[in-house]
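A.B. asks:
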Amino acid sequence: MKLFAIYIGGEHPGAHIEVHDVRFVVAAHIRDTYDQLRAEWWGTPGTLHVDCWAEIDHADGFDVTLRPEPSKAREKLYFVNLGGYDGEDFAEKHKNLFVVAATVADAKARAIQSI
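Each residue of the sequence shown is one higher than the one before, starting from 0 at the first, in numbering that gives the first Met the number 0.
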């Protein structure tokens, strides 16, 4: 089994523009994630689409593996979504990172150091 990070988008009746989210799904192949993505989609039926996806097997210098038992390692894998304005564009800019750290605070600090 593999860990997939999937950036999805689609329409929502309360939104004026396309909405997006990131989903994490464990499956053998990317196509095996589609039923779960559809089941979790809160937007307008039939508008869901995958903008991009990645198999997460390495992050921040570490191998990422899936096991049935919880990890005993101090460090954990974090997904960090940084957002901010650059003063030039109308919309907020985002940078998504996968960081290995001992705490949420450490993960945020490491992500911020990368920009």
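Don't be surprised by glycine CBs; every beta carbon is placed ideally from N, CA and C.
Quick one: measure Cβ to Cβ for Asp50 and Gly8, integer angstroms, because I've assumed they're closer than 8 angstroms.
C.D. replies: The residue you call residue 50 lines up with position 51 of the sequence shown. The residue you call residue 8 lines up with position 9 of the sequence shown. Sure, about 5 angstroms apart at Cβ, within 8 angstroms.
A.B. asks: When you compare the stretch 64–77 with the stretch 40–50, are there three or more beta-carbon pairs, one atom per stretch, that lie closer than 8 angstroms?
C.D. replies: Taking 8 angstroms as the limit for Cβ pairs, the verdict is that the stretch 40–50 does not touch the stretch 64–77.
A.B. asks: Using only CA atoms, which one of Gly13, Ala14, Val103 and Val99 lies nearest to Gly60?
C.D. replies: Here residue 60 refers to the residue found at position 61 of the sequence shown. Of the candidates Gly13, Ala14, Val103 and Val99, the one whose C-alpha sits nearest the C-alpha of Gly60 is Val99.
A.B. asks: Quick check: the Cα distance between Trp52 and Thr102, rounded to an integer number of angstroms?
C.D. replies: Residue mapping note: residue 52 aligns to position 53 of the sequence shown, counting from 1. Residue mapping note: residue 102 aligns to position 103 of the sequence shown, counting from 1. Taking the straight line joining both Cα atoms gives about 25 angstroms.
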